[in-house]
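Asker: Just passing along the structure, written as structure tokens.
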Amino acid sequence: MKTVQHISLLLLLVSTSIFSQNRFDDIQIKTTKLTEHIYMLEGAGGNIGVSVGDDGVFVIDDQFAPLSDKILKAIKELSDKPLKFLVNTHFHGDHSGGNENMAKAGALIIAHDNVKKRLEEEQRDGSFKPKKALPVITFNDKLNITINGESVAIFHTENAHTDGDALLYFTESNVLHTGDTYFNGRYPYIDLNSGGSVDGYITAVKRGLMVINVDTKIIPGHGKLSNIEEYKVFLNMLETLKTTIQKAIDEGKTEDEVKIDTSLTKIYDDLDYGTGFINSEKIRVTFYNSLKDQHNESED
Numbered sequence: 006m007k008t009v010q011h012i013s014l015l016l017l018l019v020s021t022s023i024f025s026q027n028r029f030d031d032i033q034i035k036t037t038k039l040t041e042h043i044y045m046l047e048g049a050g051g052n053i054g055v056s057v058g059d060d061g062v063f064v065i066d067d068q069f070a071p072l073s074d075k076i077l078k079a080i081k082e083l084s085d086k087p088l089k090f091l092v093n094t095h096f097h098g099d100h101s102g103g104n105e106n107m108a109k110a111g112a113l114i115i116a117h118d119n120v121k122k123r124l125e126e127e128q129r130d131g132s133f134k135p136k137k138a139l140p141v142i143t144f145n146d147k148l149n150i151t152i153n154g155e156s157v158a159i160f161h162t163e164n165a166h167t168d169g170d171a172l173l174y175f176t177e178s179n180v181l182h183t184g185d186t187y188f189n190g191r192y193p194y195i196d197l198n199s200g201g202s203v204d205g206y207i208t209a210v211k212r213g214l215m216v217i218n219v220d221t222k223i224i225p226g227h228g229k230l231s232n233i234e235e236y237k238v239f240l241n242m243l244e245t246l247k248t249t250i251q252k253a254i255d256e257g258k259t260e261d262e263v264k265i266d267t268s269l270t271k272i273y274d275d276l277d278y279g280t281g282f283i284n285s286e287k288i289r290v291t292f293y294n295s296l297k298d299q300h301n302e303s304e305d
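In the numbering used here, the protein residues as written are 6 to 305.
Here's what the structure looks like:
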């Protein structure tokens, strides 16, 4: 019996692995030119930023491991210079899953301290990340890198999407990469189990707005290329939901009551904000739990 169970488990793991590989077979990497040397790459997972120039190739995020060959091919079409640096905006697998492959291709991986800590932990499947997948350089608050003729400002925003988020601003090109502190045109995923919070998320967007202007091109973590007006609409959505759901909490509404109350998010549901990874029910529950926890902490 044990042998049969062992074989069944092995077959399940193999079939799961094959499915995981096959689901990326039809994915194509789309490249959009933003400036003379900054590009946005789209595939499956978080949007990728790429800077090319005489100093080499600088990459922001790397999606899933099975897509690494396609991503590297797309980058090679932009530059024959060596891959120098890769920055993870946070630790989630759709932004850091290709780390090992990128490191093997020559990239020095950079991320916030908490990204390294989370990548070093035991993963959901019980495995551990190989050493090559881990950041080599980490920072606590901010970091500046000069590459391809401009300074790139990298700054941490506390407890936003996770506890290790970073935004990157290309100072000469006027391009901002927000990581998952911005989901353009949809509800965001705020990972409360990984240090994320509603207030921290709102603060992250406000901090991003502080460094940009009407001409800035914004690469969101997910969604189409954006601009300051869309970014402001996103912030207004966050603040509106916070006010609405905080009012429900103050009125004594329970999590289940907020969960099923579609009126709380109707204005944005009608704009299809809930058609992405996070639907309207999930965003109501996320806001409720984050704001409720904050209220409880303030009472302690």
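Even for Gly, the Cβ is constructed at its ideal location relative to N, Cα and C.
Can we say the region 126 to 138 touches the region 151 to 165, given the rule of at least three CB pairs closer than 8 Å?
Answerer: No: the two stretches stay apart, fewer than three of their Cβ pairs being nearer than 8 Å.
Asker: Going by DSSP in three states, PHE239 sits in which element: helix, strand or coil?
Answerer: Note: PHE239 maps to helix in three-state DSSP.
Asker: Which residue comes first and which comes last in the beta strand (DSSP E) that contains THR40?
Answerer: Here THR40 belongs to no beta strand (DSSP E), and DSSP marks it neither H nor E.
Asker: When we look at the beta-carbon of VAL62 and count the other beta-carbons within 10 Å, is it buried (16 or more) or exposed?
Answerer: Buried, since its Cβ has 16 or more Cβ neighbours within 10 Å.
Asker: Apply the 10 Å Cβ neighbour rule to ILE142 and answer buried if 16 or more other Cβ atoms are within range, or exposed otherwise.
Answerer: Per the 10 Å Cβ criterion, exposed.
Asker: In the DSSP assignment, the beta strand (DSSP E) including GLU155 goes from what residue to what residue?
Answerer: It spans 155 to 162 - the beta strand (DSSP E) in which GLU155 sits, taken as one unbroken run.
Asker: Any chance the region 241 to 251 sits against the region 220 to 230, with 3 or more Cβ pairs inside 8 Å?
Answerer: Judged by Cβ distances under 8 Å, the region 241 to 251 makes no contact with the region 220 to 230, as fewer than three pairs qualify.
Asker: Check each candidate in ASN52, GLY51, PRO71 and name the one with the smallest Cα separation from ARG28.
Answerer: The shortest C-alpha separation from ARG28 is found at PRO71.
Asker: Is it buried or exposed, THR291, if we count other Cβ atoms within 10 angstroms and call 16 or more buried?
Answerer: Under this definition THR291 is a buried residue.
Asker: Where does ALA165 sit, in a helix, a strand or coil, going by DSSP?
Answerer: Three-state DSSP puts ALA165 in coil, outside helix and strand.
Asker: Indicate the three-state DSSP secondary structure (helix, strand or coil) for ALA79 in the structure shown.
Answerer: In the structure shown, ALA79 sits in a helix (DSSP, three-state: H, G or I).
Asker: For the beta strand (DSSP E) that ASP170 lies in, which residues bound it at each end?
Answerer: Start and end: 170 to 175.
Asker: In whole angstroms, what is the alpha-carbon distance linking SER84 and SER199?
Answerer: If I take the Cα positions, the gap works out to 36 Å.
Asker: Can we say the region 71 to 80 touches the region 32 to 40, given the rule of at least three CB pairs closer than 8 Å?
Answerer: With the cut-off at 8 Å, the region 71 to 80 and the region 32 to 40 touch.
Asker: Out of VAL263, SER231, SER202, state which residue places its alpha-carbon closest to the alpha-carbon of ASP298.
Answerer: Checked all of VAL263, SER231, SER202; the closest Cα to ASP298 is SER202.
Asker: Leaving aside the five residues before and after GLY154 along the sequence, list all residues of the same chain whose C-beta is less than 7 Å from its C-beta, in chain order.
Answerer: Taken in chain order, the residues that qualify are GLY58, GLU177.
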